[in-house]
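Numbering (this note's numbering), first residue to last: 10 to 105.
Ideal Cβ placement from N, Cα and C applies to all residues, glycine included.
Have a look at the structure below before the remarks.
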Amino acid sequence: MSARVAATGSWTADDGARLPAGEVHAWEPGQNQTLCGVPLHRAGLRRFAGVAFTDVDPATGGSADAVREVCPRCLAATGASRRGRHPRWQRTDPRP
Ligand SMILES: [Zn+2]
């Protein structure tokens with residue numbers, strides 16, 4: 010499972026690829042909100058199903074040219090799985 014990108018803007022690179030711009034969030038295909046809980050439609054976010062969230066990291070990403078800001082909450086939400094090879098998704102499952 011890898012997060013994709015939702016962003017406030019987009020631009021088209023020289024090779025024709027549509028890339029995110031502005032403020033970016035992590036998004037998983039099939040969801041109608043970002044990883045941090047922002048509704049895509051209400052926030053006017055565009056979806057980039059072909060761009061991995063790790064690619065918009067200004068420090069390391071290859072698709073970060075027009076990215077102004079990466080949502081810190083989405084970074085935190087994906088950080089654990091980026092650092093380790095085994096994502097530690099702990100589902101809180103309270104039992105009665
Ligand atoms: Zn976010």
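Between the alpha carbons of P81 and E37 lies a gap of roughly 16 Å.
Between A22 and D66, the CB-CB gap reaches or exceeds 9 Å. Under the DSSP assignment, T87 falls in the alpha helix (DSSP H) whose first and last residues are P81 to R92.
Per DSSP, the beta bridge partners of T21 are R27. Residue list for ligand 1: H34, A35, T43, L44, C45, V47, C80, R82 and C83 (CB closer than 7 Å to any heavy atom, chain order).
A straight line joining the alpha-carbon of R27 with that of R51 spans about 22 Å. For S72, same chain residues with a beta-carbon under 6 Å away, outside a window of 5 residues either side, are L28, V60, D64 and V65 in chain order.
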